[in-house]
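The structure appears below as structure tokens.
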Amino acid sequence: TKLSSLAASTLEREEVCELLYELSAQLDHRHTEDVLGLTSQLIGADSKLYKLLSADSQTRSGKPNEAMKLLDGIQSEDDARWLRLYANAHLKNGDDSRALHLFTALSARAPSPDVFRAIADLGRRLKDRNVQLQALVRLLALEPNDIAARNRLARIYLSNEEFESAVAQLTL
């Protein structure tokens with residue numbers, strides 16, 4: 011096909027597939043399935059990337075158990091992408107404790123605001139104020155102008171009777 015002649019190396023084909031998948035994920039599931047079919051043709055259904063993209067698609071379409079089965083077959087806890095997908099699948103499946111563990115491991119490998127938001131949200135659901143506090147502090151280190159996170163952190167400080175810390179969050 012034309013696409014495989016434009017992207018000659020495996021790495022180039024993988025980059026094209028990732029870009030197409032990201033774009034399709036913003037549209038609807040039908041487009042994602044088309045991209046997965048193209049990915050299978052370009053790099054093979056046995057490739058790790060194809061399995062990762064398929065797992066993401068399964069989670070997004072409400073089939074987290076199927077996603078976890080795919081991810082279990084290529085288990086790679088040192089891979090930030092794998093950890094993120096596995097954490098999201100557990101989150102979508104309602105296993106908040108396991109999702110928290112996985113997002114926490116991910117935060118050590120690939121810290122990002124969305125990971126710390128997920129950890130803070132899970133901390134709130136699991137009623138663990140310390141987890142929330144630590145995640146919000148780390149989130150604000152990356153995004154100091156996040157007002158919603160500052161307000162959440164101030165509320166936690168207030169409930170801990172740390173009034174000076176609460177006021178500091180509200181006056182920054």
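Take 11 as the starting number for the sequence shown in the numbering used here and just add one per residue.
Each residue gets a CB set at the ideal place from its N, CA and C atoms; glycine is no exception.
Per-residue burial, residue i [other beta carbons within 10 Å of its own, 16 or more giving buried]
i       : result
Thr-181 : exposed
Val-26  : buried
Arg-40  : exposed
Asn-140 : exposed
Gln-85  : exposed
Gln-36  : exposed
Ile-157 : exposed
Ala-120 : exposed
Lys-79  : exposed
Rounded C-alpha distance that separates residue i from residue j
i       : j       : result
Glu-7   : Thr-20  : What is shown of the chain runs 11 to 182, which leaves residue 7 out entirely.
Gly-83  : Leu-48  : 22 angstroms
Leu-81  : Asn-170 : 40 angstroms
Leu-59  : Glu-174 : 48 angstroms
His-23  : Gln-179 : One point to set straight first is that residue 23 is Arg, not His, in the sequence displayed. For Arg-23 and Gln-179, the distance between alpha carbons rounds to 46 angstroms.
Gln-51  : Val-177 : 57 angstroms
Ala-18  : Gly-54  : 15 angstroms
Leu-93  : Arg-165 : 30 angstroms
Arg-134 : Ser-107 : 12 angstroms
Leu-150 : Leu-30  : 32 angstroms
Presumed contact (8 angstroms Cβ cut-off) between residue i and residue j, rounded CB distance
i       : j       : result
Ala-145 : Phe-126 : 5 angstroms
Phe-113 : Leu-132 : 7 angstroms
Leu-95  : Leu-62  : 6 angstroms
Ser-71  : Leu-46  : Incorrect: roughly 11 angstroms between the Cβ atoms, too far for contact.
Ala-65  : Ala-99  : 7 angstroms
Ile-162 : Ala-130 : The amino acid occupying residue 162 in the given sequence is Arg; Ile does not appear at that position. Their Cβ separation, rounded to whole angstroms, is 7 angstroms, which keeps Arg-162 and Ala-130 in contact under 8 angstroms.
Simplified DSSP state of residue i, which is helix, strand or coil
i       : result
Lys-61  : helix
Asn-3   : Absent from the structure is residue 3, since the part of the chain shown begins at 11 and ends at 182.
Ala-55  : coil
Gly-47  : helix
Gln-179 : helix
Ser-19  : coil
Gln-36  : coil
Ser-67  : helix
List, from N- to C-terminal side, the alpha helix (DSSP H) runs of 4 residues or more that fit wholly inside the stretch 77 to 160. The qualifying runs are 90 to 102, 106 to 119, 123 to 135, 139 to 152.
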